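Report on one structure; see the data block that follows.
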């Protein structure tokens with residue numbers, strides 16, 4: 013076998029800087045955990061499945077809040093346009 017020819021199954025090596033910048037999964041989970049308020053997770057050990065479910069629930073809660081606030085904006089804008097001195101189009 014020719015030493016200059018790499019086998020096709022050989023993995024490409026990432027530069028050292030790229031390898032060092034990758035945080036371990038546990039650090040990423042801790043960062044995510046710090047963003048989610050009022051978690052049910054109480055143990056020091058992070059349960060990834062539970063954390064991801066809580067994250068999904070929190071995202072749904074935030075989406076619902078945005079939807080409600082957008083509805084309130086539309087409601088108050090419409091109410092504002094019913095006054096005599098309305099400049100709405």
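Numbering (the working numbering), first residue to last: 13 to 101.
Ideal Cβ placement from N, Cα and C applies to all residues, glycine included.
For clarity, every value in this text was computed on a predicted model and none was experimentally measured.
Span of the alpha helix (DSSP H) around residue i
{"i": "residue 62", "result": "60-92"}
{"i": "residue 40", "result": "37-47"}
Review point. Does the pairing of the stretch 57-70 with the stretch 83-91 give three or more beta-carbon distances under 8 Å?
Key: In this structure the stretch 57-70 does not lie against the stretch 83-91, because fewer than three pairs of beta carbons, one per stretch, are closer than 8 Å.
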